[in-house]
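Trainee: Before I ask anything, here is the structure I am working with.
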Amino acid sequence: MDGFPILTTMMLVPLFGALLCLFIEAGAARGIALVATLITFALGILLWVNFEIGGAQWQFTERADLFAGFSYALGIDGIALMLIMLSVFLMPICILASWNAIHKRVGEYMAAFLFMEVLMIGTFAAQDLFLFYIFFEAGLIPMYLIIGVWGGDNRIYASYKFFLYTLLGSVLMLIAMFWMVAEAGTSDIPTLMDYDFPAGAQSWLWLAFFASFAVKIPMWPLHTWLPDAHVQAPTAGSVILAGVLLKLGGYGFLRFSLPMFPQASADFAWFVLALSMIAVVYTSLVALVQQDMKKLIAYSSVAHMAIVMVGLFAFNIQGLEGAMILMLSHGLVSGALFLCVGVIYDRLHTREIARYGGLSNNMPYYAIFFLLFTMASIGLPGTSGFVGEFLALAGIYRVSTLAALVCTTGIILGAAYMLYLYRRVAFGTQDNADAAAMPDISAREWAMLAPVAAAVLWMGVYPESFIAPMRDDIAALDSQLAAAAPAGDSDLQSGPPRESFANTLSHAGEGAH
Amino acid sequence: MDFAASFSLIASELVLVIAGLALLLVAAWGGDKLARPIAVLAVTALFGAGFLLVPGLHSGVDGPDTLAFGSLLRIDSFALFAKALIYLAAIACLIVAPPFFDSEAAGPERGMRAEYPVLILFAVLGMSIMVSASDLITLYLGLELNSLAAYVLASILRQDQRSAEAGLKYFVLGALASGILLYGMSLLYGFTGTTDFTLLRIALDGELGTGQLFGLIFVLAGLAFKISAVPFHMWTPDVYEGAPTPVATFFSTAPKVAAVALTARVVFEVFGGQVAAWQQIVMFTALASIVFGALGAIGQENLKRLLAYSSINNIGFILLGLAVANAAGASAMLVYLFIYVAMSLGSFVGLLMLRGEKGEVFETFADIRGLAVTRPGIAWSLLLLMFSLAGIPPLLGFYSKFVVFQAAVEADLVAFAAIAIAASVIGAFYYIKFVKVMFFDEPVDRVTGENGMAHWAVLFLTVAIISPLGYLLTPSLTDLADKAAASLFLLN
């Protein structure tokens, strides 16, 4: 693999696919989009296989000084690797999900998605601050078009709101970036991560970055664009939005706010925790009363991302690992839930929960998949959601018992609204004749849902595969944060170990793999 | 005074003068049927004049050797950069004009008039003199030569009421601005006793007297009118709307470059020692232009008015670079100007291409609904141009904002930059409205007319520049702009 620019190749494949899709007719565009995303996914697997766990922190680095003011520098660590994998994994599924649902302007639609994939890979792989910003912000254009052209009835309002909200959030970050680059004399992200910014400036810089990532992730009370965007976007748009774009916010905190401004992050941790606690409870309660399936899942996304935030701002390894796994898990699970909504929306063209019911009778396979993802969203042990939520909550418990208590309450509420949703859709009597007549999932839908289900179970049963590449990076981040970490309210004084147990426990821990 | 050296310095202006006068005679004797050959020759002359700039641009020229005619003109890298940009814009405007005048849109007087290219040549000559002026007298000469040609251009469709109105409005308000400018210049002359930029600078050293301060303010106000910066922007939407579209294309590009370059030269060379006196004024004008340019555009239905407000908005960002008041800011401003010219040319040409069956030109939002379905080529180009104007990466419009804001932050104007960039989001609103109308609305299929190669070529070229490919231009563009800005700061 030495010297082969695999990251650039992974971006070029969908880019060429996108350009091709713009100029060809519908059927061919679908095929080309699927092939391009599958090739990219194959390259992603190659990337993962060749990623050397425990090797250099930044691998597959590429650098070219093509531009004035910033450079084309790519490279990934374990965290970026996993998020890239998530993106390239979801992409072919999105194309499949749009196979029959999109009739008009198919070429342009596929092109928008492929551009989106280029930008997502670029955002996670960028090693230059300004290159990151370009990829991060450029995603607005295809997403604006996806919502606006192929969205639902109220799509124009939703697309405007999405665009302006996120733009306003990001521009202040750009000013902060200029200041940082002027101060540190470089726009190289790895160098900036080790740079000590003056404590007085950190607060301002942190707030500017917070404005951008808090809108993106999104945090209460800046989340209001999300339900609109999710509901109006076509199914695949919702999948990408929930699956990957929200993760950009979390990735931003992990890559920029925490390592670059550790002191400010610690100072504002109470603020983040407070907002997240409100978000978990409030959005869960809001989700409970939704009549629209997509809106319900959208609000559940806000609640889950709040737990991610809590994990990130716990300033310890469990919290950080939990946040990462929860991001990956949420990317899969909420994406899959939107796919499940899409499957029945394609048949009945309504998202209203009351129009369905008793689907487990006529669509048993569908009901099984839907159940699995519902359980994963709740965090049932054995699914990916459990691993992430448990670790994140274990991390925050060491810092704040109150936050752990409130967030755990949110999980119970999460179980309530998800099970309530499932009961209304899959169980009960079949009151609606048209819903009762819907056929079970087709081969194409099997191909969409089965891989996600496999990944969810894999991550739930053997999360080590996913944690291993990230372990060193998270440990490095944790050691950077250690000095600033706020004192927790837990009593970490461990008593003397009981002889019998201490001697019988074997210590072949996780590291033995 | 070495005339040979002076003449060799102004070789490109000489080409324009000779071509302009010769073509004027051809136009007078040959009449309108020779309009096309005249336009071709005018483009050739502009190319020739531009070609003469290349060696100087490449190597960078500054210092006393660049003064011509006993320091009346200064042909330094800065002037060369501005001139090159002006010539390119003028060439593009000439290329796209004939199909417009040949169509239904030109009203009862079909066909391009023979004066049109000649007037453009004279306007360009005036701008050439403006950007290389090194004396208040040459400054005014150049400015008026440009303005007089521009007044006529605005009303070139004599039978068309709106065109005549635009010309008249432009003339009355332009004359007022010239008066203000002249008044300021006379104050400066009265209180310093000289019109030469270098001597003025020396005379203005130290504390500014009241008369000198008034002179500064009046000069800046007059120049602000010429670049249509808030609060002297009111004429712009009316003139752009009324003037024939090719003329509006011209107004929004070449004269903007010239007036901005002139303003930069005046504030840095004449008032270079008095930064504190003008920096606040420029900052206020910049912020006001960004905000009012964006707010004014929101309610517009007419696309030309919208682009007029967009040009006011863009001038705000250009002035932002000026307000930084150092070489980095000036360089950023020049980079912005280059990219702005490309975006502005592209979007106006895009409008020119919105033609009906008989060639009539559409210019309201209602006409371009669903353009993406009926005319995808134009719609996608306009989409890229609009996102670029809004400064959304990865389009090159982002880079133009990138450089000015970077310069502002590096000069410690962080709060100023933060307010300005937040205000730029207001502008994004109407740019994405443009996209919304073309892409989200149901098609009306009014735009059915075919367009010639000339329009497509200019549109394609500008879109290629503002596409992400344009970033490959940035190293050489920055290099040229740095050289140009450095020559401006030689005196400091």
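Residue numbers (the working numbering), protein chains in the order written: chain A, 53 to 565; chain B, 85 to 576.
For each residue, glycine too, the CB sits at the ideal point set by N, CA and C.
Predicted model only: the values in this text are computed from it and were never measured.
(1) For the region 459 to 471 of chain B against the region 512 to 520 of chain B, are there 3 or more C-beta pairs whose distance is under 8 Å?
(2) Given a threshold of 16 other Cβ atoms within 10 Å of its Cβ, counted over all protein chains shown, does R332 (chain A) qualify as buried or as exposed?
(3) Among residues of its own chain, excluding the 5 on either side of H565 (chain A), which ones have a beta-carbon nearer than 6 Å to its beta-carbon?
(4) Quick one: does P477 (chain B) have its CB under 7 Å from some CB of chain A?
(5) What residues from chain A crowd round K50 (chain B), counting only those whose CB sits closer than 7 Å?
(6) Does DSSP classify D129 (chain A) as helix, strand or coil?
(7) Where do the ends of the alpha helix (DSSP H) carrying T128 (chain B) lie?
(8) L126 (chain A) to L118 (chain A), Cα distance in whole Å?
(9) Would you call S531 (chain A) buried or exposed, if buried means 16 or more other Cβ atoms sit within 10 Å of its Cβ?
(10) Does the beta carbon of I402 (chain B) sit closer than 7 Å to a beta carbon anywhere in chain A?
(11) Do G454 (chain B) and D525 (chain B) come within 7 Å of each other at the CB atom, strictly closer than that value?
(12) Buried or exposed, going by whether 16 or more other CB atoms sit within 10 Å of the CB of H401 (chain A)?
(13) Which first and last residues belong to the alpha helix (DSSP H) in which A116 (chain A) is found?
(14) Taking a cut of 8 Å between CB atoms, which residues from the region 502 to 513 of chain B lie near chain A?
(15) Closest by CA to R407 (chain A), which one among A:S381, A:T481, A:L423 and A:C459?
(16) Between A:D319, A:V395 and A:I227, which has its C-alpha nearest A153 (chain A)'s C-alpha?
(17) Could you tell me the alpha carbon to alpha carbon distance between G114 (chain B) and F275 (chain B), rounded to whole angstroms?
(18) Is L509 (chain A) close to chain B, meaning its C-beta is less than 7 Å from at least one C-beta of that chain?
(19) Report the three-state DSSP secondary structure of D280 (chain B) (helix, strand or coil).
(20) Out of A:F425, A:Y449, A:N414 and A:F367, state which residue places its alpha-carbon closest to the alpha-carbon of A505 (chain A).
(21) Identify the continuous alpha helix (DSSP H) that holds S452 (chain A) and give its terminal residues.
(22) Cα separation between P144 (chain A) and V487 (chain B)?
(23) Would you decide whether R207 (chain A) is buried or exposed? Buried here means 16 or more other CB atoms lie within 10 Å of its CB.
(24) Would a check of beta-carbon distances place Y224 (chain B) closer than 7 Å to chain A?
(25) Where DSSP assigns a beta bridge to N398 (chain B), which residues make up the other side?
(26) Under 7 Å between C-beta atoms, does V283 (chain A) make it to chain B?
(27) Note down the Cα distance separating L564 (chain B) from A168 (chain B), rounded to an integer number of angstroms.
(28) Could you compute how far the alpha carbon of D319 (chain A) sits from the alpha carbon of R307 (chain A)?
(29) Which residue from B:K340, B:K388, B:S431 and B:E441 puts its Cα closest to that of G400 (chain B)?
(30) Give me, in chain order, the residues of the same chain whose beta-carbon lies closer than 6 Å to that of G561 (chain A); leave out the 5 immediate sequence neighbours on both sides.
(31) Measure the C-alpha to C-alpha separation of Y161 (chain A) and R246 (chain B) and round it to an integer number of angstroms.
(32) Which term fits M62 (chain A), buried or exposed, when burial requires 16 or more other beta carbons within 10 angstroms of its beta carbon?
(33) Return the chain-ordered list of same chain residues with a C-beta closer than 7 Å to the C-beta of G475 (chain B), the five sequence neighbours on each side being excluded.
(34) Per DSSP, which residues does E566 (chain A) bridge with? Please list them.
(35) Spatial neighbours of A512 (chain B) within its chain, please: CB distance less than 7 Å, with the 5 preceding and 5 following residues excluded, ordered by chain position.
(36) Please list, in chain order, the chain B residues whose beta carbon lies closer than 8 Å to that of V223 (chain A).
Mentor: Taking the structure as given:
(1) At 8 Å Cβ cutoff, the stretches touch.
(2) It should be pointed out that residue 332 (chain A) corresponds to Val in this sequence rather than to Arg. V332 (chain A) comes out buried.
(3) Caution applies to H565 (chain A), whose pLDDT of 49 falls short of 50 and renders its modelled position unreliable; the value that the coordinates give is listed next. Only E516 meet the Cβ criterion.
(4) Chain A contact via Cβ: present.
(5) Any answer about residue 50 (chain B) is impossible in this case: the structure gives chain B only from 85 up to 576.
(6) The answer is coil: DSSP assigns D129 (chain A) none of H, G, I, E or B.
(7) Here the alpha helix (DSSP H) through T128 (chain B) covers A119 to S143.
(8) Answer to the nearest angstrom: the Cα atoms are 13 Å apart.
(9) Exposed: under 16 other Cβ atoms inside 10 Å.
(10) When Cβ-Cβ separations below 7 Å define contact, I402 (chain B) makes no contact with chain A.
(11) Contact: yes.
(12) Answer is exposed; the Cβ neighbour count stays below 16.
(13) In the DSSP assignment, A116 (chain A) falls outside any alpha helix (DSSP H) and lies within the beta strand (DSSP E) extending over Q111 to A116.
(14) Closer than 8 Å at the C-beta level to chain A, one finds these residues of the region 502 to 513 of chain B: A502, I505, A506, S508, V509, A512 and F513.
(15) Comparing Cα-Cα distances from R407 (chain A) to each of A:S381, A:T481, A:L423 and A:C459, the minimum goes to A:T481.
(16) Nearest of A:D319, A:V395 and A:I227 to A153 (chain A), Cα basis: A:V395.
(17) Between the alpha carbons of G114 (chain B) and F275 (chain B) lies a distance of about 51 Å.
(18) Under the Cβ distance rule, L509 (chain A) does not count among the residues neighbouring chain B, no pair being separated by less than 7 Å.
(19) In the structure shown, D280 (chain B) falls within a strand segment according to DSSP collapsed to helix, strand and coil.
(20) That would be A:F425, whose Cα lies nearest to the Cα of A505 (chain A).
(21) Taken as a continuous stretch (DSSP letters only), S452 (chain A) belongs to no alpha helix (DSSP H), as it is neither H nor E.
(22) Distance between the alpha carbons of P144 (chain A) and V487 (chain B) is about 38 Å.
(23) Counting of Cβ neighbours within 10 angstroms places R207 (chain A) among the buried residues, the total reaching 16 or more.
(24) Closer than 7 Å: no.
(25) Beta-bridge pairing links N398 (chain B) to no other residue.
(26) Interface with chain B (7 Å Cβ-Cβ cutoff): V283 (chain A) is excluded.
(27) Straight-line Cα distance between these residues: approximately 11 Å.
(28) If you take the alpha carbons of D319 (chain A) and R307 (chain A), they lie about 18 Å apart.
(29) Distance from the Cα of G400 (chain B) is smallest, within the candidate group B:K340, B:K388, B:S431 and B:E441, for B:K340.
(30) Its pLDDT being 49, under 50, G561 (chain A) is placed unreliably by the model, and nothing is read from it.
(31) Going by C-alpha positions, Y161 (chain A) is about 42 Å away from R246 (chain B).
(32) Per the 10 Å Cβ criterion, buried.
(33) Once the five neighbours on either side are set aside, the close Cβ partners of G475 (chain B) are G481, F482, K485 and S508.
(34) Since the first and last residues shown for chain A are 53 and 565, residue 566 (chain A) lies out of range.
(35) A474.
(36) Below the 8 Å Cβ cutoff, chain B contributes I505, A506, S508 and V509 as neighbours of V223 (chain A), in chain order.
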